[in-house]
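Here the structure is laid out as structure tokens; the discussion comes afterwards.
Residue numbers (UniProt numbering): 1 to 245.
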């Protein structure tokens, strides 16, 4: 008959060298150790179901994962072009999730694409080096590194990263394919020119000026925004939304 300790070890599929060192399964410390080891060897989901949604092309966002001609692609960017008599089309800049190629695809307004719903893991931003983003798993307290090539937004998004920012990582069959910032972020203005004193500004509507944020990023803000103000930034378009409350 298989011992309780052996059953316990097989359940968690630990390496033999670790299993041999485990004490009797009745020991609560051993159970906790085994659970902790399992997390270390499997930091991310090992079985991810793939689900598809038919989505109009005008609702597809940057960072979305789509299926096209039996391949899985990440939407790096898209542009919208309006033609005469109400016609319009979209151009998608795509990256193969395997890293084996890129493509530029055109879709007419009204068409749909198959968007892949993948499992997502939320991590915390730690730091950045020349080639990788380093993120923390708050459940296991492990640090994981992801290549900058899968960071949604690329070089343009990097200045908006903040210490401790919540970062989402999408996985395709345990492979990370997209690293995404939240849709919005709150920043402090550390430098911006003073409000212009011209009395003609009111007739021209809201005037905008450059502002430097505490993360080092630059955005255009309304002229009434001052140094030390907190503002909300749209991290998809990298634009000012409102002053934070």
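By construction, the Cβ of each residue, glycine as well, lies at the ideal position given by its N, Cα and C atoms.
| Asked | Found |
| --- | --- |
| Can you check DSSP and say which residues form a bridge with residue 157? | Its beta-bridge partners do not exist; DSSP assigns none. |
| Closest to residue 107 by CA distance: which of 89, 96 and 120 is it? | 89 |
| So, for residue 164: in the same chain, excluding its five sequence neighbours on each side, which residues have a beta-carbon less than 7 Å away from its beta-carbon? | 124 and 125 |
| Where do the N-terminal and C-terminal ends of the beta strand (DSSP E) with residue 266 fall, by residue? | Because the chain here runs from 1 to 245, residue 266 falls outside it and cannot be looked at. |
| Sort 245, 190, 72 and 219 by Cα distance to residue 118 and report the nearest one. | 72 |
| Return the CA-CA distance between residue 36 and residue 134, expressed in angstroms with no decimal places. | Bear in mind that a pLDDT of 38 at residue 36, under 50, signals an unreliable position, so the model cannot answer this. |
| If you draw a straight line from the alpha carbon of residue 39 to that of residue 143, how long is it in whole angstroms? | Since pLDDT at residue 39 reaches only 37, below the 50 mark, its modelled position is unreliable, and the value read off the structure follows with that caveat. Taking the straight line joining both Cα atoms gives about 13 Å. |
| What do you get for residue 220, buried or exposed, if any count of 16 or more other CB atoms within 10 angstroms of its CB means buried? | exposed |
| Less than 8 Å between the CB atoms is what I'm expecting for residue 190 and residue 225, so what's the real figure, rounded? | Incorrect: roughly 12 Å between the Cβ atoms, too far for contact. |
| Under a three-way DSSP split, which group does residue 227 fall into? | coil |
| Residue 94 and residue 76 look like a contact to me (Cβ under 8 Å); what is the Cβ gap, rounded to whole Å? | 7 Å |
| Take the Cβ of residue 192 as the centre, count every other Cβ of all protein chains shown within 10 Å, and call the residue buried at 16 or more, exposed below. | buried |
| Compute the distance between the beta-carbons of residue 195 and residue 74, then report whether it is under 8 Å. | no |
| Would you tell me roughly how many angstroms separate the C-alpha atoms of residue 80 and residue 235, rounded to the nearest one? | 19 Å |
| Got a sec, what are the start and stop residues for the beta strand (DSSP E) residue 253 sits in? | Any answer about residue 253 is impossible in this case: the structure gives the chain only from 1 up to 245. |
| Residue 149 by DSSP, collapsed to three states: which one? | helix |
| Is there a C-beta anywhere in chain B that falls below 8 Å from the one on residue 66? | The chain labelled as chain B is not found in the depicted structure, where only one protein chain is given. |
| Would residue 168 and residue 180 qualify as a contact pair, given that the criterion is a beta-carbon distance under 8 Å? | yes |
| I need the straight-line Cα distance from residue 83 to residue 98, nearest angstrom please. | 34 Å |
| Name the DSSP bridge partner or partners of residue 232? | 186 and 242 |
| Mind checking residue 152: buried by the 16 CB within 10 Å criterion, or exposed? | buried |
| Along the beta strand (DSSP E) that carries residue 95, what are the first and last residues, could you check? | 88–96 |
| Answer with buried or exposed for residue 240, where buried requires no fewer than 16 other C-beta atoms within 10 angstroms of its C-beta. | buried |
| Roughly how many angstroms separate the alpha carbons of residue 59 and residue 238, rounded to a whole number? | 18 Å |
| Report buried or exposed for residue 231, applying the criterion of at least 16 other Cβ atoms within 10 angstroms of its Cβ. | buried |
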